[in-house]
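Structure first, commentary second.
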Amino acid sequence: MSRYLSLLLLLLASLQAFAIDTKVPELHWTLPTTLEGIRQERANLKITEEPMPVSIMCQRHYNMDLQDEAVDVNKPERYWTVKRDMTLASVPYLTLGIALHAVKRDVRKVNNDINEGFHNRADDYIQYSPMLLTWGLKAAGYEGRSQWGRLLASNAFSAVIMAGLVNGIKYSAAEERPDGSTSNSFPSGHTATAFMAATILHKEYGLTRSLWYSVGGYAVATGIGAFRVMNNRHWVSDVMTGAGIGILSTELGYALSDLIFKDKYTLRKEMEGLNDLSEHPSFFSLQAGVGIMMGHKGVPDELIAAGGPSSLKHGISSVIAAEAAYFLNPYVGLGLRARINSTAVTPRWDGIDDVWTSGLIHYDPVTNQYAHPDPFDANYKHSTTTHKDQLSSFDVMGGVYGQLPLNKRMSLGGKLLFGHRQSGDIWYMANFSGNDDYEDQLMGFLNELTKVDEKKDINTYDRIQAINLDGRGSFIFGTGICFSYALKHNIVWRVGLDYDFTRSRYDYDYHSISLTDMANHYLLYGEADDDSGIEQEGSFHRNLHQLTPHFGICFSF
143 MSRYLSLLLL
153 LLASLQAFAI
163 DTKVPELHWT
173 LPTTLEGIRQ
183 ERANLKITEE
193 PMPVSIMCQR
203 HYNMDLQDEA
213 VDVNKPERYW
223 TVKRDMTLAS
233 VPYLTLGIAL
243 HAVKRDVRKV
253 NNDINEGFHN
263 RADDYIQYSP
273 MLLTWGLKAA
283 GYEGRSQWGR
293 LLASNAFSAV
303 IMAGLVNGIK
313 YSAAEERPDG
323 STSNSFPSGH
333 TATAFMAATI
343 LHKEYGLTRS
353 LWYSVGGYAV
363 ATGIGAFRVM
373 NNRHWVSDVM
383 TGAGIGILST
393 ELGYALSDLI
403 FKDKYTLRKE
413 MEGLNDLSEH
423 PSFFSLQAGV
433 GIMMGHKGVP
443 DELIAAGGPS
453 SLKHGISSVI
463 AAEAAYFLNP
473 YVGLGLRARI
483 NSTAVTPRWD
493 GIDDVWTSGL
503 IHYDPVTNQY
513 AHPDPFDANY
523 KHSTTTHKDQ
533 LSSFDVMGGV
543 YGQLPLNKRM
553 SLGGKLLFGH
563 RQSGDIWYMA
573 NFSGNDDYED
583 QLMGFLNELT
593 KVDEKKDINT
603 YDRIQAINLD
613 GRGSFIFGTG
623 ICFSYALKHN
633 IVWRVGLDYD
643 FTRSRYDYDY
653 HSISLTDMAN
663 HYLLYGEADD
673 DSGIEQEGSF
683 HRNLHQLTPH
693 FGICFSF
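Quick note on numbering: the sequence shown equals residues 143 to 699 in this note's numbering.
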């Protein structure tokens, strides 16, 4: 057996030597089976040295293997790579930014109902605070991920990419701001800067020292986005897209540093177990969903008797929420949720066409009065439309959160919440449209009625208020279930279904106006009679149930 081993090792060593620089020739000789055969084969090959003892050959081969292994140990795999730094954290924000573009005006109405007149410029300065904290910790000698040179390079790369994306899109999209000041609203540069700064703090200290740095940084960035909407400087879609760009830019900036510097100029690696939900069950999340409203749709009988709507039809709600919970152990925690709802509500009037057609008028020069038009007269064709409005509400709730870990990266969750809902106002309008002759007749008294400049176009001011519902505060109860998946680091994707119940109160003010009487009063006295018609006031309660499937991104800690 030792002879065969010796020959086999000799053969392998020979083949290895030939394989270094030359092509291995084909061998057509048969392995000898005896010691004499080996000696004869050596003689044929003109080898004069004595065979190397098997023990020495094995020892040399063993030492060679150890040396090769030592070489492998001295060349470890790179730690900081593009794959490690790039995540999908920006994808939900960018997706929500696109999806919420269709309901951006609804969300603005919620903001105007709740925060009318709000103005604060703190967001102009606080946007840089997470990055300044990073530099401050570094200057104080508190070791983070990178040395100064690599830190500044990564930050510079991130800022250049972010500025290029934001300004490139801003001046290409040319979207008007909610306050009408300029046409560079989309996306939000303040929010992009804040989330870029928060992600820098997250990478330098959140992933290497404590996840509380990440929580603080992203909480500040989220506040900046909220301030931009509350200050009426940005649509909600601008803010969501800006957040996604800020995160993506930082990840690209750090990935570029990984390609240039590799593992040089780094001080610390990431902490272990960041994506273990049993170790890090606490979270901060942003989510969006659609609400399905259920409940009693009727209105008081006295309002119907006065000519008001017979029912209110709710459409699909647009829902945006921020949620955070601190877990006392892997299973139970306490938390808060703040949520905005915007629901399209359409009133239904029985015989609406008859009601409003009776109010349409034209000027009769014979009698010097306004009168009802002949419905068969083509010169006075008209149409009537009832306009829906958005029911806005803002919920603040707190309570108990629970989690059942399925494995390190997946878990099921639940919650039981109580809190307060503040509902906004609903204004229902009826729109009257006619041909040019009809609009000319209406121009005088309608402009006076709506207190506008007579130079304004009648099409812009042909709405007459029909009913106003003033929402009041109410108690709200909520629960829900969710499924969480830890994607990478401490980034978690979550889908869930929430249920909420509230008994809402509304004060109503209904004014049924006879346009013919108002027009004649204007003709005789030169002013509109605001007191004409029937006025009805009161209040009523409605039980509302809402189911909300939602999707969100969480940062666990």
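For each residue, glycine too, the CB sits at the ideal point set by N, CA and C.
{"query": "Tyr355 by DSSP, collapsed to three states: which one?", "result": "helix"}
{"query": "What distance in whole Å lies between the Cβ atoms of Leu454 and Val432, which are believed to be in contact at a cut-off of 8 Å?", "result": "Actually they do not touch by this definition, with Cβ atoms about 19 Å apart."}
{"query": "Considering Cα atoms alone, identify which of Leu533, Arg375 and Leu476 is closest to Asn610.", "result": "Leu533"}
{"query": "Return the first residue and the last residue of the beta strand (DSSP E) that Gly620 is part of.", "result": "Gly615 to Lys630"}
{"query": "By DSSP, does Trp290 sit in helix, in strand, or in coil?", "result": "helix"}
{"query": "Helix or strand or just coil, what does DSSP make of Leu533?", "result": "strand"}
{"query": "Along the chain, where does the beta strand (DSSP E) containing Glu219 start, and where does it finish?", "result": "Glu219 -> no beta strand (DSSP E), and no H or E assigned at all."}
{"query": "Rounded to whole angstroms, what's the CA-CA distance from His456 to Ser427? Just pull it up for me.", "result": "28 Å"}
{"query": "Rounded to whole angstroms, what is the Cα-Cα separation between Tyr473 and Glu677?", "result": "56 Å"}
{"query": "Would you mind stating whether Val371 and Lys246 have Cβ atoms separated by less than 7 Å?", "result": "no"}
{"query": "In the DSSP assignment, what residue or residues form a beta bridge with Arg647?", "result": "His683"}
{"query": "For Gly386, I'd like the list of residues in its chain whose CB is within less than 7 Å of its CB, leaving aside the five on either flank, ordered along the chain.", "result": "Ser232, Tyr235, Leu236 and Gly239"}
{"query": "Output needed for Glu444: all residues of its chain with C-beta closer than 8 Å, excluding positions within five of it in sequence on either side, in chain order.", "result": "Gln678 and Gly680"}
{"query": "Who are the Cβ neighbours of Glu346 in its own chain at under 6 Å, not counting the five residues just before and after it?", "result": "Thr276, Gly286 and Arg287"}
{"query": "Taking the continuous alpha helix (DSSP H) assigned at Glu393, which residues delimit it?", "result": "Val378 to Phe403"}
{"query": "Determine the burial state of Phe617: buried for a count of at least 16 other Cβ atoms within 10 Å of its Cβ, exposed for fewer.", "result": "exposed"}
{"query": "Between the alpha carbons of Asp221 and Thr229, how many angstroms are there, rounded?", "result": "Here the sequence assigns Tyr to residue 221, which means Asp is not the residue at that position. When rounded, the distance between both Cα atoms is 16 Å."}
{"query": "Under 8 Å Cβ to Cβ from Leu689, same chain only, skipping five residues before and after it: list those, please.", "result": "Gly433, Ile434, Met436, Leu639, Asp640 and Tyr641"}
{"query": "Check Phe337 in the structure and name its three-state DSSP category.", "result": "helix"}
{"query": "Name the two residues that bound the continuous beta strand (DSSP E) containing Tyr284.", "result": "Per DSSP, Tyr284 belongs to no beta strand (DSSP E) and is neither H nor E."}
{"query": "So for Thr324, helix, strand or coil by DSSP?", "result": "coil"}
{"query": "Kindly indicate which three-state DSSP category Asn521 falls into: helix, strand or coil?", "result": "Because Asn521 sits at a pLDDT of 45, beneath the cut-off of 50, its placement in the model cannot be relied upon, and the following sentence gives the value as read from the coordinates. If DSSP states are grouped into helix, strand and coil, Asn521 belongs with the helices."}
{"query": "Please check the pair Leu394 and Ile303, which I expect to be a contact at CB under 8 Å, by giving their CB distance rounded to whole angstroms.", "result": "5 Å"}
{"query": "Closest to Ser296 by C-alpha separation, out of Phe403, Glu317 and Tyr543, would be which residue?", "result": "Phe403"}
{"query": "Please return the same chain residues whose Cβ sits closer than 8 Å to the Cβ of Lys165, not counting the five positions on each side in sequence.", "result": "Low local confidence applies: a pLDDT of 41 at Lys165 is under 50, so the model's placement there is unreliable, and no value is given."}
{"query": "Do Pro423 and Gln545 have their C-beta atoms closer together than 7 Å?", "result": "yes"}
{"query": "Excluding the 5 residues preceding and the 5 following Thr644 in the sequence, name in chain order all residues of the same chain whose CB lies nearer than 6 Å to its CB.", "result": "Arg563, Ser616, Ile618 and Leu686"}
{"query": "State the Cα-Cα distance for the pair Arg684 and Ser323, rounded to the nearest angstrom.", "result": "40 Å"}
{"query": "Under 8 Å, with one C-beta from each stretch per pair, do the region 355-363 and the region 306-316 reach the 3-pair mark?", "result": "no"}
{"query": "So the candidates are His376, Glu219, Leu242 and Gly388; which of them puts its Cα closest to the Cα of Ala301?", "result": "Gly388"}
{"query": "From the DSSP output, in three-state form, read off Gly367 for me.", "result": "helix"}
{"query": "CA-CA distance, Asn254 and Asp400?", "result": "45 Å"}
{"query": "Let me know the secondary structure DSSP gives Thr350 once reduced to three states.", "result": "coil"}
{"query": "Exposed or buried, which one is Ser646 when buried takes at least 16 other CB atoms within 10 Å?", "result": "buried"}
{"query": "Give me whichever residues DSSP pairs with Asp227 in a beta bridge.", "result": "In DSSP, Asp227 forms no bridge with anything."}
{"query": "Tell me whether the beta-carbon of Ser459 lies closer than 7 Å to the beta-carbon of Val381.", "result": "no"}
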